[in-house]
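A short write-up of the structure that comes next.
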Amino acid sequence: MKDYNNINTFDELIELEHGKIGTENRNKYEEGAQMFIVSEMSKTGRISCVGFPRATNIAPH
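Counting from 632, one number per residue, gives the positions in the sequence shown under the numbering used here.
Dropping the structure here:
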């Protein structure tokens with residue numbers, strides 16, 4: 632069981648739940664979080680085809 636009593640920041644919570652930056656589990660979490668953000672931005676019209684590469688850190692072709 633995880634000990635949440637000493638968690639003081641959001642970063643500490645994410646590290647406890649998903650591991651340190653660079654680990655496979657953390658990378659999967661970060662990728663899923665980024666995909667969620669992009670999907671929500673596209674739903675609200677905050678992102679267009681022009682803004683998509685910039686929002687996702689993908690270089691245009």
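Backbone N, C-alpha and C fix where the C-beta goes; we use that ideal spot for every residue, glycine too.
Within 8 angstroms, strictly: CB atoms of residue i and residue j
i	j	result
residue 656	residue 663	no
Supposed close pair residue i, residue j - CB separation, criterion 8 angstroms
i	j	result
residue 633	residue 647	6 angstroms
Distance between residue j and residue i (C-alpha atoms, nearest Å)
i	j	result
residue 672	residue 645	22 angstroms
residue 639	residue 676	34 angstroms
residue 654	residue 661	10 angstroms
residue 665	residue 642	16 angstroms
Cβ neighbours of residue i in the same chain (closer than 7 angstroms, five flanking residues each side left out)
i	result
residue 670	none
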